[in-house]
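Chemist: Okay, handing you the structure first.
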Amino acid sequence: MPSTSFAPRPALAALAATPTTTTIRKLWKALTPGERALGISAALADDENGWVKATTRGAVAGALRFRPQTVGTWPTTKLVSEAARLPLDDVQLLSAYIVDLHLGHRRPMMAAFLDDLGIANDNGRIDSETTTVDQQDPARVARAADLVASRFPADDVATYFLTLLLQDQAIWSGLRDWLASRAGGA
């Protein structure tokens, strides 16, 4: 039976109601400026090879019609602030921000969900070199999703589950029905 306590804000609820039509761009637009800033900050902090920083600077410079060299002189706080408010369009970059939003700030929720499914993880991070995640049983996914939704904010849960579906529809297919039924799309 669907949980009545799962009530993400309207922008996320609309995406959750029809999860098969959700895209990275739509999910990014549904995030609050604060959530975007958290994701951008986490992605920049986890940027080992500099791709995120360089691409963010280029995207911000393009959106503002500034020279990349000018944006390159900005402190990280200004870069994050501007990137969070601008209509950035690079799907690979937005995807990095969204994934790092979870890895940087929502690991207890991720770990709880993966633990409930019996998937090996390091505080929510799956080591893809040592762990293969097969397609998950929809009934088990629904039970784990109910548990996580009862313990964490609905907005965070909706964003996480939509992110999982965007990463791999086949593995996480049980989340499609779970989200749609809880958000009014089924």
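Using the working numbering, count along the sequence shown one by one with no gaps and you end on 186.
Don't be surprised by glycine CBs; every beta carbon is placed ideally from N, CA and C.
1. For a test of the three-state rule: what should DSSP assign to aspartate 156, helix, strand or coil?
2. Where do the ends of the alpha helix (DSSP H) carrying glutamine 117 lie?
3. Return the first residue and the last residue of the alpha helix (DSSP H) that leucine 79 is part of.
4. Nearest CA to the CA of leucine 147: which residue from Asp89, Ala45, Phe113?
5. Where does arginine 125 sit, in a helix, a strand or coil, going by DSSP?
6. Excluding the 5 residues flanking leucine 12 on each side, which residues of the same chain have their C-beta closer than 7 Å to its C-beta?
7. What are the boundary residues of the alpha helix (DSSP H) that valine 60 is part of?
8. Quick one: grab the DSSP three-state call for threonine 131.
9. Could you tell me how far apart the beta carbons of leucine 101 and alanine 59 are, in whole angstroms, since I believe they sit closer than 8 Å?
10. Could you tell me the distance, in whole angstroms, from the CA atom of threonine 56 to the CA atom of threonine 20?
11. Less than 8 Å between C-beta atoms, sequence neighbours within five positions excluded: which residues of the same chain meet that for arginine 68?
12. Are there 16 or more other CB atoms within 10 angstroms of the CB of glutamine 136, so buried, or fewer, so exposed?
13. Could you tell me the alpha carbon to alpha carbon distance between asparagine 49 and leucine 27, rounded to whole angstroms?
Modeler: Reading off the structure:
1. Counting from one through the sequence shown, the residue named residue 156 turns up at place 156. Three-state DSSP puts aspartate 156 in a helix.
2. Counting from one through the sequence shown, the residue named residue 117 turns up at place 117. For the record, residue 117 in the displayed sequence is leucine; it is not glutamine. That run of the alpha helix (DSSP H) goes 107–117.
3. Position 79 of the sequence shown, counting from 1, holds the residue named residue 79. It spans 76–85 - the alpha helix (DSSP H) in which leucine 79 sits, taken as one unbroken run.
4. The residue you call residue 147 lines up with position 147 of the sequence shown. Of the listed residues, the one whose Cα sits closest to leucine 147 is Phe113.
5. If you number the sequence shown from 1, residue 125 lands on position 125. The answer is strand: DSSP assigns arginine 125 an E or B state.
6. Your numbering for residue 12 matches position 12 in the sequence shown. Within the same chain, leucine 12 has close Cβ partners Ala30, Asp155, Ala158, Thr159.
7. By 1-based counting over the sequence shown, the position of residue 60 is 60. Where valine 60 is concerned, the enclosing alpha helix (DSSP H) stretches over 51–64.
8. Numbered from 1 along the sequence shown, position 131 holds the residue referred to as residue 131. The answer is coil: DSSP assigns threonine 131 none of H, G, I, E or B.
9. Position 101 of the sequence shown, counting from 1, holds the residue named residue 101. Position 59 of the sequence shown, counting from 1, holds the residue named residue 59. With a Cβ gap of about 17 Å, leucine 101 and alanine 59 do not count as contacting.
10. As a working note, residue 56 is residue 56 in the sequence shown. As a working note, residue 20 is residue 20 in the sequence shown. So the two alpha carbons sit approximately 28 Å from each other.
11. The residue given as residue 68 occupies position 68 in the sequence shown. First, the residue type needs correcting, since residue 68 is proline and not arginine in the sequence shown. The answer, listed in chain order, is Arg57, Gly58, Ala61.
12. Here the question's residue 136 lines up with position 136 in the sequence shown. Answer is buried; the Cβ neighbour count reaches 16.
13. The count along the sequence shown starts at 1 and reaches residue 49 at position 49. The count along the sequence shown starts at 1 and reaches residue 27 at position 27. Those two C-alpha atoms are separated by around 26 Å.
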